[in-house]
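Q: Position one of the sequence shown corresponds to residue 74 (this note's numbering), numbered consecutively onward.
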Amino acid sequence: MTSSQNRPIPRATYRLQLTKDFNFGDAAAQAAYLSQLGISHAYLSPILEARPGSTHGYDTVDHTRINPELGTLDEFRAMAAAFRAEGLSLVLDIVPNHMGIGGDRNALWLETLEWGADSRYADWFDINWLPDEPSLHGKVLVPFLGSSFAEALQDGRLELRLDPAEGSFAVWAEGTHKLPICPRDYALI
C-alpha cells in the first residue's frame with residue numbers, strides 16, 4: 074500500500090483564514106471544536122511568507138519560508154500535531170503561479186527588476202520585454218506612482234538610496250517600493 078492510499082478522503086472541510094491576528098496557535102486551539110463538528114480536514118489559507126500585513130496570503134514573496142506573521146516552523150508543526158490528535162488532516166493552499174510584488178521583500182522580483190531580461194528569474198514572471206512602445210523595450214513598467222513621473226520626482230516621492238552593506242543603489246518610490254538599479258548603469262548616476 075502506498076502512502077497516498079493511506080490518506081483519508083476529505084468528507085467535510087473547514088477553511089481557516091490565517092493572518093497575524095489568527096495564527097498557527099489560534100488555529101490549533103480550534104482543532105477539538107472542528108473535530109466535534111465532524112470536520113475531517115482543515116483547509117488552510119497560504120502559509121508561505123507573504124507581503125507584511127497580508128490578510129489573505131496570496132501575495133507570496135518567498136516560497137521557501139513560512140510566513141513569520143503566522144508563526145514559526147515549530148508552531149506550524151505543533152498546530153499540525155494538534156489537528157492530528159483530533160483525527161483531522163490538513164489541506165494547504167499554495168500559490169505557485171503568482172507572487173506579491175512591490176515593497177522590498179521579494180528577492181526574485183527585485184533581481185528581475187535589477188537585471189531585467191538577464192536575471193536568473195526573468196522567465197519566472199510574465200513580462201513582455203518587447204512591448205509596442207520601443208522606448209520600453211527590455212524594461213519593466215511598474216505602476217507604483219499615484220501621479221506622473223515628473224510630479225512624483227518634483228514632490229520628492231522618488232528617492233535615490235545607496236545601500237552601503239550591499240554596495241547597491243535603488244530608487245525608492247513612494248517610500249515603500251524598492252526599484253533596484255542595474256550595476257551596469259551605476260556610472261550614469
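No residue lacks a Cβ here, since even glycine has one placed at the ideal position from N, Cα and C.
Since the structure is predicted, the reported quantities are computational estimates derived from the model, not experimental observations.
Report the rounded CA-to-CA distance for residue 135 versus residue 119, giving the unit in angstroms.
A: Going from the Cα of residue 135 to the Cα of residue 119 covers about 12 Å.
Q: Helix, strand or coil: which one does DSSP assign to residue 131?
A: Looking at residue 131 - three-state DSSP - the assignment turns out to be coil, as it is neither helix nor strand.
Q: Taking DSSP's pairing of strands, which residues face residue 238 in a bridge?
A: Paired residues: none, contrary to the question.
Q: Go through the stretch 177–221 residue by residue and report every complete run of the alpha helix (DSSP H) that reaches 4 residues or more, in order.
A: The stretch 177–221 contains these whole alpha helix (DSSP H) runs: 180–188.
Q: Helix, strand or coil, according to DSSP, for residue 162 in the structure here?
A: Three-state DSSP puts residue 162 in a strand.
Q: Look up residue 122 in the DSSP assignment and say whether it is helix, strand or coil.
A: Residue state, collapsed to three classes: strand.
Q: Residue 107 lies in the alpha helix (DSSP H); which residues open and close that run?
A: Taken as a continuous stretch (DSSP letters only), the alpha helix (DSSP H) holding residue 107 covers 104–109.
Q: Note down the Cα distance separating residue 74 from residue 162, rounded to an integer number of angstroms.
A: Only weak support is given to the placement of residue 74: the predicted model assigns it a pLDDT of 47, under 50, and the value that follows is read from those uncertain coordinates. Straight-line Cα distance between these residues: approximately 19 Å.
Q: How many angstroms separate the CA atom of residue 202 from the CA atom of residue 246?
A: Answer to the nearest angstrom: the Cα atoms are 22 Å apart.
Q: Three-state secondary structure (DSSP) at residue 74?
A: For residue 74, the pLDDT reaches just 47, beneath the cut-off of 50, and the residue's location in the model is therefore unreliable, although a value from the coordinates is still provided. Reduced to three states, the DSSP call for residue 74 is coil.
Q: Verify whether the separation of the beta carbon atoms of residue 250 and residue 222 is less than 8 Å.
A: Cβ atoms of residue 250 and residue 222: not closer than 8 Å.
Q: To the nearest whole angstrom, what separates the beta carbons of residue 152 and residue 100, a pair I think is in contact under 8 Å?
A: Between residue 100 and residue 152 the Cβ distance is about 5 Å, and since that is below 8 Å, they are a contact.
Q: Use the C-beta contact count for residue 262: other C-beta atoms within 10 angstroms, 16 or more gives buried, fewer gives exposed.
A: That one is exposed.
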